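*Asks:* Going line by line, the protein sequences match chains Y and B. Residue numbers for the first sequence follow this note's numbering, beginning at 37 and rising by one. Residue numbers for the second sequence follow this note's numbering, beginning at 1317 and rising by one. The beta carbon of each residue, even a glycine, is placed where N, CA and C say it ideally should be. Nothing here was measured: the structure is a model prediction, and the numbers come from that model. Let me give you the structure first, and then I'll get to my questions.
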Amino acid sequence: MNQITATGFHRNHAINDEEGAFAEEYQHAYVVDRVNTTGTVWLGLSLACAQCHDHKYDPISQRDYYRLAAYFDNIAEQGLDGRYGNAVPVIKSPTRAQQVAVVKLEREEERLLAQRQREMEAAQPRFREWVSNAVADPRATRVSDEHLHTRADLETLDLPQDKLVLVRDAGEPTLVPGKEGQALLADGQVYFQLPGEASEPRTFSLWLYPTTADGAVLYARRTETGEQIVLSQRRGLFQLQATGPRRPTTVWQGEAEAWDTNQWQHVAFNIVLGEPNATAIWFQGKQVELTQADALEEEPDTTPSGQWLLGGPKDLPRFRGLIDEIRIDARILSGDEIQMLSGGNPLADLLAIPANERSAEQTEKLRAAMLRETSLEFVELERQLETVRTQQANLRREFPETMVMQEREGPARTHLRLRGQYDQLGEELSPGVPSQLLDALPEGPANRLQLAQWLVDARNPLTPRVVVNRMWRHYFGEGLVKTVDDFGTRGELPSHPGLLDYLAHELVASEWNLRHVHRLIVGSATYRQTSRVGRDAYEADPENRLLARGPRLRLSAEEIRDQALAASGLLVRTVGGVSVKPYQPPGLWEELSREEAFSAQRYVQDQGERLYRRSLYTYRKRSSPPPNLATFDAPNREVCLAQRSRTNTPLQALVLLNDVAFVEAARALADTMLRKHGEQPEEAIRQAFLHVVSRPIAEEELAMLMRLHAAEADRFRADPAAAEQLIIVGESVPRWTGPREDLAAMTIVCHAILNLDEAIVTP
Amino acid sequence: MHPELMQYALQQTRRSFLGSAGLSLGALALHSLSPRHAVASEGVPDSLPHFPAKVKRVIYLCQSGAPSQHDLFDYKPALTEWHGKELPESIHQGQRLTTMTAEQASLPLVQSKFAFQQHGQAGMWFSELVPQQAKLANRLCMIRSMHTDAVNHDPALTMLLSGHQLPGRPSLGSWLSYGLGSEAENLPAFVVLVSQGSSKLNRQPLFDRLWSSGFLSSEHQGVRFRGQGDPVLYLNNPPGVSAEDRRRMLDTVAALNQRQADEVGDPEIASRVAQYEMAYQMQMSIPELTDFSNEPESVFAAYGDDVRKPGSYAANCLLARRLAERGVRFIQLFHRGWDQHEQLPTQLPLQCRDTDQPSAALVSDLARLALLEDTLVVWGGEFGRTAYCQGTLTADNYGRDHHSRAFTIWLAGAGVKPGYLHGETDELGYNVASNPVHVHDLNATLLHLMGIDHRRFTYRFQSRDYRLTDIHGNLVEPILA
């Protein structure tokens, strides 16, 4: 599962879904992206040149290019996709805990099924007699009232007021002839209120005669804590929308066939509090298949709280037409039961079939019906089975979905594209590697596994060197081969070829243990040299190619933000999970977006812990990347880049000075320090400095920061309102209970520390 | 100069630059926004520009979504006769259509619903939707024979601005920032302004990549100025922090950094100090830049009422002029909403109401301030629209699909012939009939006007020397003044 999930790397190129575009053109672009990325990442080769013609400098022919492309050109993908999120092919990729839980439930289901089978077999001798009795005496099958909550046949308006309350804006409600006897006329002025809090599941069954095609709420519930679930219907489209105070709105949709106005139709659905994804809907006795749709990002209006049927107060649109035979059960009804309520009689249908014409499945159904009639244990067993299945279904629904590489049937093949044009097909090619680099193709089918094995063959001259070279660049700013993405003839020769070979050998010999190589580098005398070597040394070798000093590099965009969060104590160290949307100036997405219900068109900032996750988890929208990261050279991820720029700009200063993320981090750090060393600002400053810069502060430095602190303390004492404004920046709440001006002054000092050059470079 | 040498020169870091010492912090800060400038000051021979530039700065009024040339500039009387008749195969010639109309059973030609008139010495046609631009006929250099490769917005805009349909290459503004640096004090070389069109139908999205520096160093990325909130992201001090607080903190940070610089020796630290100082100066100066209150009433009247609405196209035009006055090299406006696949007769006038007056006012205003002498204004979209109707043609309704074979743009200002008409389309306005100008040709010409030979202006990335114009592009000499 992990390995399949990891193939998603090759699906995370940009995916287009522009109306009017050509699917084949983009599908080919995706394949090209995969080949070029593979070239950059593993081989350090500019394969891209060979997309249109033989490589001008390196021994890669156009044929080589498209044979590599063939490994990636057999994916069950669509050229245009992704408008509402992930693009096929996708899989459900459960977490480890989910995998364990689902196996447990599957075993339980197997056990119950086996038991059920045993009871069915044990009932065999009694079956023939029961059937003949049943045929002779076709009893009216009915749904058990054991957990009936309430029923309203609407012959009168005398409703059980503790369970079902008719609300009417004005005038008297009217009863007219309906499905059975009388029915309630719903003219847009009425709806039902359901008093009380129900924690057990509910199944609703009703007959509706819509007179307009307008949408209406079938069921809605809002709680004081901000939970909301709304089930609505518009023509044949059912939509379930669930929102929580700390989670985004989730939407499921399903289409029912043959919904019509001016006809009696049966609708049933169940609701489980807190489990919106357990909801099932039936139309005319047939279950409506629900699929998760794109989330609406509107803030729902969650006032007032309550539970309603067929409309509701304020913005909840009411049903118009006739309403009859409302039934509410305090349990989940089975499909057969719903079918009965909708006027069907599944059992009678089966009994009507002559015994020798019944299929095994039909016989099975009848036998189960017999046992349900005659054995309480059997009913209980089925209930347990149902519970286990529901739990399983719920769990599976929560499995994260992820895009993967998944081959189509048949052997991989592709065409050479003349001049790189997607629609100019040349000769047909099967997958293959550039054997001039390493002539050792592993046995077995020609697929991505074969390519992977070739890439990491110990004899492959490029892969280990390219990988360790990038690692070296990470620590020293430049690779041993400076052109980290080009080991071809136009690339630079290694500054220390022996060292490059040694590290590459270590990587292969340690069975591709990256940690081993990382340790080797950071433990080396070279890496541990000081970077305090004086101006002359920097002038003599600005890029440190001679490695005569330790590296001194600005941290990456992500590292800078993470460090501020970590130093301030705000960082949430949870691993994994859904991407998060931390602070971002408002309107950035919206200014560039389509105003349609596609995914990721509006930026709805997260709250609470999700503001303080590592930047690794920050949601990246390619067409509008997080600006505070982009300013520090985080690429926009349109194409694979092996080396980021490392710039030094005034806009970076503005981020560190004014982005709420960094101001809040400064406040949180000040807060922590004051709570620990409140009476001694000097000690607080010492510790804050140590925390961020990782070295003890020099006395001279301390004196400067003390002067700043004193000046700011005076200033905020004179203007407490300003202090108040500063210390409430961000969504976390300060815990320091001392004078606010002290916290404001210390915030400025901590903010100064976070803005030091030393704070954002490697030590 | 040999491209490799030039590349080397451009890659000289500020470390070596600082080595020459004796420079003020201000000069350092400027350097960060203008590498070219700094290199030039080091006396590298044969540096950019390749030859004297006629244009110092460009204001690019990008009409995103593709305005219909048929309803604005490219008048075709023959369409009156052809109105409602099928697009003849002799014209269409099996060319690729977008998937939106490729399957359409009938492709009836459609004559513009709007009245046209000729203006100026060259007899340029303008429709009644663009009366203010029409008045400028003698200043404009109009090209009616533009064409491009892509037929959809994403690849076509990417193509227009980066010379390639797929993402990953630097945009025009980034190339200029990289090659020529900035002349602006306290401002980036490449500024982007986005506005929303009044047409609500088919408002195409924009992408960060349209002002991305691609494989060039990310400091050449376009900086978005915004109509709401901070005019530049993160410009304003946090709540409760006064200018004095900020000054005090920056002084302390500078002193601490200086101490480090002395101890460590890394010139990056001095550069950081300079960046902070520059950031402070931006904080001080940008509010003045975006505050229009010192503009005379006549300016407000010229740009129209919308100019008082921050973030509108009109306001962005005026802001563009103010940025140009301060020396910003490349100012790129994007106005969204030109994608009239349907309901063109009601939607196109809304877009023109947004843009006609301010576009014209900007040109006149630049002329009034003598800025038009070294500023070039470019007005145009990523492609054109079809001569035939998308959807059902009725008496008062039609739409037009994307069309890459021909479209119209205009230029005004330095280096180009005023009141000049270049290129022609066929009698139905479908294909270019004479003097075709490909997007690469336009870009080659823009670079030329900035003093750059597009064939010699390269950047090596992954072993290839990339150009804005890829391996294409011919200078459009006839339009040069």
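Which chain Y residues sit within Cβ distance under 7 Å of B:Gln1576?
*Replies:* The answer, in chain order, is Asp793 and Glu794.
*Asks:* Using CA coordinates, which residue listed in Y:Asp100, Y:Ile40 and Y:Tyr62 is at the minimum distance from Y:Leu465?
*Replies:* Closest by alpha carbon: Y:Asp100.
*Asks:* Using a Cβ-Cβ distance under 8 Å, would B:Asp1524 count as near chain Y?
*Replies:* Interface residue, yes.
*Asks:* Considering just the uninterrupted stretch of the beta strand (DSSP E) at Y:Ala329, what are its terminal residues?
*Replies:* Where Y:Ala329 is concerned, the enclosing beta strand (DSSP E) stretches over Thr327 to Ala329.
*Asks:* Should Y:Glu182 go down as buried or exposed, given a rule of 16 or more other Cβ atoms within 10 Å for buried?
*Replies:* Flag for Y:Glu182 reads exposed.
*Asks:* Looking at the C-beta of Y:Asp695, does it have a partner C-beta in chain B at a distance below 8 Å?
*Replies:* With 8 Å as the cut-off, Y:Asp695 counts as an interface residue toward chain B.
*Asks:* Strictly under 8 Å for the Cβ-Cβ distance: is B:Arg1564 near chain Y by that measure?
*Replies:* Yes, its Cβ sits closer than 8 Å to a Cβ of chain Y.
*Asks:* Along chain Y, in chain order, which residues have C-beta atoms closer than 9 Å to that of B:Met1600?
*Replies:* Per Cβ cutoff of 9 Å: no residues; B:Met1600 is ~12 Å from chain Y at best.
*Asks:* CB-CB under 6 Å to B:Ser1350, same chain, minus the five flanking residues each way: which ones, in chain order?
*Replies:* With a pLDDT of only 40 at B:Ser1350, under 50, the local geometry of the prediction cannot be trusted, and the value read off the model is given with reservation. Gly1497 and Ser1498, listed in sequence order.
*Asks:* Listing by chain order, which chain Y residues have their CB less than 7 Å from the CB of B:Pro1521?
*Replies:* What B:Pro1521 touches in chain Y: Leu628, Ser629, Arg630 and Ser659.
*Asks:* Hey, does Y:Thr41 have any beta-carbon neighbour from chain B nearer than 8 Å?
*Replies:* Taking Cβ atoms only, chain B never reaches closer than 8 Å to Y:Thr41, which makes this a no.
*Asks:* Ignore the nearest five residues each way along the sequence and tell me which others in B:Gly1643's own chain have a CB closer than 6 Å to its CB.
*Replies:* Excluding residues within five positions, the ones whose Cβ falls inside 6 Å are Glu1499 and Ala1500.
*Asks:* Scan the stretch 325 to 400 of chain Y and note each continuous alpha helix (DSSP H) run of 4 residues or more that stays entirely inside, going in chain order.
*Replies:* Those alpha helix (DSSP H) runs which fall completely within the stretch 325 to 400 of chain Y and span 4+ residues are 371 to 377 and 382 to 387.
*Asks:* Name the one or two DSSP bridge partners that Y:Lys128 has.
*Replies:* DSSP output for Y:Lys128 lists Y:Glu437 as bridge partner(s).
*Asks:* For the candidate residues Y:Gln114, Y:Val139, Y:Ala294 and Y:His451, whose alpha-carbon lies nearest to that of Y:Arg103?
*Replies:* Nearest of Y:Gln114, Y:Val139, Y:Ala294 and Y:His451 to Y:Arg103, Cα basis: Y:His451.
*Asks:* Give me the residue from Y:Ala50, Y:Asp53, Y:Leu83 and Y:Gln39 with the minimum Cα distance to Y:Arg526.
*Replies:* Measuring from the Cα of Y:Arg526, the nearest candidate turns out to be Y:Leu83.
*Asks:* Using 10 angstroms around the beta-carbon of B:Ala1354, count the other beta-carbons present and answer buried if the total reaches 16, otherwise exposed.
*Replies:* Confidence at B:Ala1354 is low in this model, with a pLDDT of 34, below 50, so the placement of that residue should be treated as unreliable; the coordinate-derived value is given next. Burial call: buried.
*Asks:* Looking at the unbroken alpha helix (DSSP H) that takes in B:Ser1601, where does it start and where does it end?
*Replies:* Looking at the DSSP string, the run of the alpha helix (DSSP H) that includes B:Ser1601 is Pro1583 to Thr1606.
*Asks:* So within the stretch 225 to 258 of chain Y, which uninterrupted beta strand (DSSP E) runs reach at least 3 residues, ignoring any that extend past its ends?
*Replies:* 226 to 229, 238 to 246 and 252 to 258, all fully within the stretch 225 to 258 of chain Y.
*Asks:* Whose Cβ in chain B lies nearer than 9 Å to the Cβ of Y:Gln761?
*Replies:* Ordered by position in chain B, the residues that pass the 9 Å Cβ test against Y:Gln761 are Pro1554, Pro1555, Gly1556 and Val1557.
*Asks:* Which whole-angstrom value describes the C-beta separation of Y:Leu230 and Y:Leu193, a residue pair presumed to lie in contact below a C-beta threshold of 8 Å?
*Replies:* At roughly 16 Å, the Cβ-Cβ gap does not stay under 8 Å, so Y:Leu230 and Y:Leu193 are not in contact.
*Asks:* Which residues in the same chain as Y:Leu141 place their Cβ atom closer than 8 Å to its Cβ, once the five residues preceding and following it in sequence are excluded?
*Replies:* Around Y:Leu141: Val424, Gln427, Gln428 and Leu431.
*Asks:* Check for me: the alpha helix (DSSP H) holding B:Cys1633 runs from which residue to which?
*Replies:* Element bounds for B:Cys1633: Tyr1629 to Glu1641.
*Asks:* Kindly indicate which three-state DSSP category Y:Val502 falls into: helix, strand or coil?
*Replies:* If DSSP states are grouped into helix, strand and coil, Y:Val502 belongs with the helices.
*Asks:* With DSSP as the reference, label B:Pro1351 as helix, strand or coil.
*Replies:* Because B:Pro1351 sits at a pLDDT of 38, beneath the cut-off of 50, its placement in the model cannot be relied upon, and the following sentence gives the value as read from the coordinates. B:Pro1351 falls in the helix class under three-state DSSP.
*Asks:* By the DSSP assignment, the beta strand (DSSP E) with B:Leu1509 in it spans what residues?
*Replies:* First-last of the beta strand (DSSP E) with B:Leu1509: Phe1506 to Ser1511.
*Asks:* Could you tell me if Y:Thr410 is buried or exposed, where buried requires 16 or more neighbouring beta carbons within 10 angstroms of its beta carbon?
*Replies:* Y:Thr410 comes out exposed.
*Asks:* In the structure shown, what three-state DSSP assignment does Y:Thr279 receive?
*Replies:* Strand.
*Asks:* Could you check if Y:Thr538 is buried or exposed, using at least 16 other CB atoms within 10 Å of its CB as the buried criterion?
*Replies:* Residue 538 of chain Y is actually Tyr in this sequence, not Thr. Looking at its Cβ environment, which holds fewer than 16 other Cβ atoms inside 10 Å, Y:Tyr538 is exposed.
*Asks:* Following a CB-centred definition, is Y:Gln328 positioned closer than 7 Å to any heavy atom of the ligand HEM?
*Replies:* Among the components modelled here there is no ligand, and therefore nothing to report on the ligand HEM.
*Asks:* Relative to chain Y, which residues along the stretch 1580 to 1600 of chain B have a C-beta separation below 7 Å, given in chain order?
*Replies:* Here the close residues are Val1580, Gly1581, Asp1582, Pro1583, Glu1584, Ile1585, Ser1587, Arg1588, Gln1591, Tyr1592, Met1594, Ala1595 and Met1598.
*Asks:* Taking just the CA atoms, how far does Y:Gly515 sit from Y:Pro533?
*Replies:* Cα to Cα, Y:Pro533 sits roughly 11 Å from Y:Gly515.
*Asks:* Quick check on DSSP: helix, strand or coil for Y:Ser768?
*Replies:* Y:Ser768: coil per DSSP, three-state reduction.
*Asks:* In three-state terms, what does DSSP make of B:Met1458?
*Replies:* Residue state, collapsed to three classes: strand.
*Asks:* Mind checking B:Lys1625: buried by the 16 CB within 10 Å criterion, or exposed?
*Replies:* B:Lys1625 comes out exposed.
*Asks:* Name, please, each residue of chain B whose Cβ falls closer than 7 Å to the Cβ of Y:Ala50.
*Replies:* Ordered by position in chain B, the residues that pass the 7 Å Cβ test against Y:Ala50 are Pro1483.
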